[in-house]
Amino acid sequence: MATSSANIKGTERLTTIILFSSMLIAFWVFLGYETLAAGLALLTLSITMRFYAVAAANAVQKARVLASYEGSFSDEPVRVSFTIVNVSRVPIAFLEFLLHHSPYLRASTQTSGTTYLPPRGSVKISFVFDGRAGKHLVGPLKVVVRDPLGLYKSAELPVGSPVEVRVMPKPSEALLRRALITSKVAALSRTRRVGVGVEFYGVREYMPGDELRRISWRHYSLWGKPFVKLTEEESSLNLVFLIYLSREAFSGVYKHTPFEHVASVVASIARYSARRNDLMCLHASVGGTHIHTRLMRGRRAYQEIMNSLAEIPFNPDIQDFTQFKTLNEVLSEVYRYLPRDRSIILLLTTSSTLIKEAQRLQKLMTFLSSKGHVTYVICPLTQAYEVKGLPEWGKALYRLKTFETVRNEVMSIRKVRELGIPVIAMGPENIVQEVVSRLETLRS
Amino acid sequence: MSEPKKARKEVLVLVPTTTFLALLVASLIAVVELGPPSIGVPVGASPLNTGKLGTSKLLYILKERFGDVQVVRDWLAANKSVGACGKLLIVIVSPEKPFTEKDLDSIKSLSKKCSTTLLFIADETGHSNTVLESLGFGVRVDGRLLLELSQAQASGNTSFFLKALFNYPGGYSDELYLDKASFIELTDESSNNILILGVTSSREVVLVGNGTVKIVGELSGGSEVTPVAVLETGERRKALVISDGSILTNQVLEDETWGRRYERLLKESIDLLVNESGNVLVLVDSTKYEYVDPARLLNSNPQLYADPLTLASYIVVRLIHPSTWFPPTIDLINGLSSRLFSAGTLILVVAATLLGLIIAMMVLPRTPERVRDRAMESVISKDYFTLADLREKILAGRVSLGKEDFITLYEIVNEVFKDVVGVPLSDERLINVLTSRGLDPVKARRFWKRMNGTYSKARKRFGFPPIIMWGRLVKKRIAECEEVLNAVGTSLLKDLGFEYVLMR
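Printed below as a string of structure tokens:
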């Protein structure tokens, strides 16, 4: 699409140069032909510059833009690159660019600047962002074209399309290791039942029909009669992560919002469970979008969950943040996908939702419980996240001023607990270890 | 729930335009006062002269041969910058000024720092004799030219040369022509330390051009054989003196026909001095030549002094300097304004201005709509907070504390104690509990009494004595409470606050 010359505007420099050239023309009357020539030359120059500006703006409109990004985890920088290919023969000398992006994604580099776009050539512009979990919109790139003298400038012209940057939360390695050690030391993950597995349980005398490869030759040489090795039955959980968050889940300082904490907790638990070969899936209902994964095991399940977490749009500015499905509706939908065996549902939701839906939730959970399923609610306490980033005295003042809200939130959670719903309230300083311990208790 | 404030880019004018312009004019005047930059084109046989009379080609050849080649602009500075070295080769070509005492002291000092001092002199002026003397060499350059134009028997052409035969111990031998050769004086010709490398064998005056040599005359008088190149060897020192510097200039070394033969002479001479390659520091003298303003050179033959690129860069630097254009501009404006505002033309000026404005008014509507040329406003990153206003107030230090805040503080501490130790703040047993948790008994009692005392005052409508500055008091109590809360494992000031106790 070609730019009409109406999209090209004059600058204050154009006014000055026209005034100056008009004066030079007028002063020709008594200063001589030189001033007339100079005045006319300046006018011609300004007209030439306009032609150039229109041609350059057209060239920009026809330019091809290729966008890409690198960096997938929240602890990595995200590098978004735009390559502008000038397909025309017009060199674009002063191409001012500006990158539009989600204000909730912090840029580590300048997002605006000026560059030169050679004819039939290309220029690659890279921007670096501080990665945070979720889906973020980066782009489009907007450009303004000027002539070399700055007499004309084009309107802001969008080039290319926006890029959806998907950033996965980083599971905490240290916490994961600690959780694994805790469960091993406390022998939480043992079933203490004879069955199919790899862990050695004991030996018993050989009976006809036993597999010969399971004979323990050491015991045979010791006792003079055949014994077979017994293994401990391997335990496996069916784990369903259900993330149901309202707008306040996005409040807090950079990388320390309840949403990011919830995402990190889910990522850490999913990674832990993937090692245990548990059956897992994720249902996320945030900001009007509903994402869910199929029930899978191991590494694949973990990868699917991570990809889904990166699909959740990080945007508290969505005007209508009301979920298109209520928590009960989502839970009912989750129930349809649950396997017949006992499943553990980890519901991660904000306190406001919990308080609002407590009665209905209780009924539904009683029903799920009757079917042998176990539900845990993990509730991030919003105010605890907002304290972060304040100076020490600021923290004290913030706590004084928001005590009533915190108390009401805590009291509501207690009331929900009284209804028989197990709620684990969580702040940014809490770790996944407690959740893992509870899961392991259920495993055994 | 409060909305986050819309981020707005604020443009602060730190320096007004008028101040900037005033400073600009003042700085221009200051720069004009300082005068033009003191750059000059080196003329003569300087290694920095890229013109025909310069020796930049010689410098280039030396740089190709040796790793460490330095051009000396000041012998004192060169002496300071050079530490101990193995071999030191000093190259001096046709110096135009005598060496000063300070220069000679520096050269002697340099010589002492290095194990071997090698001197390569190509000079017809005799200015280098002081260097030879200071380093203890006996050989001297006379300074009088062998070939005076008046002695030549031909007329009508000035390109006369004197034939010389060079014969080096390594087997190198050539017949070359000298332009401005002088005599070389030998104190003791029979000495073993002195080796004559080149002589004018025939006293023939020749005309050289395009590869052809034509004998045009003969010098009258004088001895038959005159040495023009000599090697003197001493203890840890050697000097090779050629009594003609012009043969090492760019116009000779770059000559298509003869250049290679003179370059060979130069390389053979250097090889004879240095013997084998090794760690050689080469210092090429550039202190004894004139530096001339590039503008002056334009009137003469500039090719002799600099190559066009160097000369152009010098001239550009000179032209853009305010001292070149600022005074004439002021003169021009002054002259023009005096012409314009003279009594007779004032009406004409007003008329012309009006006419100019009319033309501008006619042209401007035909131009595109105008906008202010500003950079595009970039996106400002922000964080979303449910209580953004409160956070902002806290960070700006605009939060005031009152009686209600103390009541809240009391309730917080009360809740924590009830949860952690099972005793409310109003209960006196709390003192013993706190003492058992490591708090000083006196401090625990004082804390309990103060908190409860202040709380009862805050609850009452009128307390006596009345508390006027509640803000200061609350801050004081926060500090006290923090100490006590730390004793029971929680905090008001840290990230892991009391809310974690309540949410258990």
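Line order of the protein sequences matches chains A and H.
So for the first sequence, the working numbering puts the first residue at 1; every next one is plus one.
So for the second sequence, the working numbering puts the first residue at 1; every next one is plus one.
Where is the CB? At the ideal position from N, CA and C, for every residue including glycine.
Pro42(H), DSSP secondary structure in three states: strand
Between Ile344(A) and Tyr376(A), is the Cβ-Cβ spacing less than 9 Å? yes
Per-residue burial, Asn58(A) [other beta carbons within 10 Å of its own, 16 or more giving buried]: buried
With which residues is Met280(A) paired in a DSSP beta bridge? Leu239(A), Met296(A)
What is the rounded straight-line gap between the Cα of Thr462(A) and the Cα of Pro77(A)? For chain A, the structure presents residues 1 to 444; residue 462(A) sits outside this window and is missing.
Quick check on DSSP: helix, strand or coil for Ala84(H)? coil
Hey, how far is the Cα of Val93(H) from the Cα of Thr115(A)? 51 Å
Determine the direct distance from the alpha carbon of Arg144(H) to that of Ala152(H), and round the result to whole angstroms. Note on Ala152(H): pLDDT 47, under 50, position unreliable in the model; no value is reported.
Do Arg218(A) and Val228(A) have their CB atoms nearer than 9 Å? Not a contact, by the Cβ cut-off of 9 Å.
I want to see whether chain A comes within less than 9 Å of Lys457(H), judged by CB atoms only; does it? no
Taking just the CA atoms, how far does Thr287(H) sit from Asp74(H)? 6 Å
Contacting residues, own chain, Cβ-Cβ under 6 Å from Leu40(A) (five flanking each side not counted): Same-chain partners within the cutoff: there are none.
Does any CB atom of chain H fall closer than 9 Å to the CB of Thr11(A)? yes
First and last residue of the uninterrupted beta strand (DSSP E) at Gly202(A): Gly202(A) -> beta strand (DSSP E) spans 200–205.
In whole angstroms, give me the CA-to-CA distance for Leu473(H) and Pro465(H). Cα to Cα, the separation comes out at about 14 Å.
Tell me which same chain residues have a C-beta within less than 7 Å of the C-beta of Leu492(H), skipping the five on either side of it? Ile478, Cys481, Glu482, Leu485, Phe498
For Leu242(A) versus Leu390(A), is the C-beta spacing smaller than 9 Å? no
Starting from Phe385(H) and walking both ways along the beta strand (DSSP E), at which residues does that stretch end? Here Phe385(H) belongs to no beta strand (DSSP E), and DSSP marks it neither H nor E.
According to DSSP, is Asn250(H) helix, strand or coil? helix
Determine the contact status of Ala229(H) and Gly259(H), defining contact as a CB-CB distance below 9 Å. no
Opening and closing residue of the beta strand (DSSP E) in which Pro140(A) lies: 134–146
With DSSP as the reference, label Asp341(A) as helix, strand or coil. coil
What does Ile18(A) reach in chain H if we use C-beta pairs closer than 7 Å? Ala360, Val363, Leu364, Thr367
Just grab the DSSP bridge partners of Asp440(H) for me. For Asp440(H), which the question treats as bridged, DSSP gives no partner whatsoever.
Chain H contact residues for Gln383(A), given Cβ-Cβ distances below 9 Å: Thr386, Leu387, Glu499
For Leu135(H), which of helix, strand or coil comes out of DSSP? coil
May I ask which residues mark the beginning and end of the beta strand (DSSP E) holding Val350(H)? Where Val350(H) is concerned, there is no enclosing beta strand (DSSP E), although the alpha helix (DSSP H) it sits in stretches over 346–363.
Check whether the Cβ of Arg450(H) lies closer than 9 Å to any Cβ atom in chain A. no
Can you name the residues of chain A whose CB is closer than 8 Å to the CB of Leu493(H)? Glu392, Trp393, Lys395, Ala396
Does the pairing of the region 120–127 of chain A with the region 80–97 of chain A give three or more beta-carbon distances under 8 Å? yes
Beta-carbon spacing of Ser246(H), Asp179(H) below 9 Å: yes
With DSSP run on the structure shown, which of helix, strand or coil describes Lys180(H)? It is coil, neither helix nor strand.
From the DSSP output, in three-state form, read off Asn408(A) for me. helix
Determine, using beta-carbon pairs with one atom in the region 41–61 of chain A and one in the region 143–158 of chain A, whether at least three such pairs fall under 8 Å. yes
Rounded to a whole number of angstroms, what is the C-alpha to C-alpha distance between Leu12(H) and Pro103(A)? Whole-angstrom Cα-Cα distance: 22 Å.
Look at the alpha carbon of Glu33(H) and the alpha carbon of Ser323(H), and state the distance between them as a whole number of angstroms. Rounded to whole angstroms, the gap between the alpha carbons of Glu33(H) and Ser323(H) is 8 Å.
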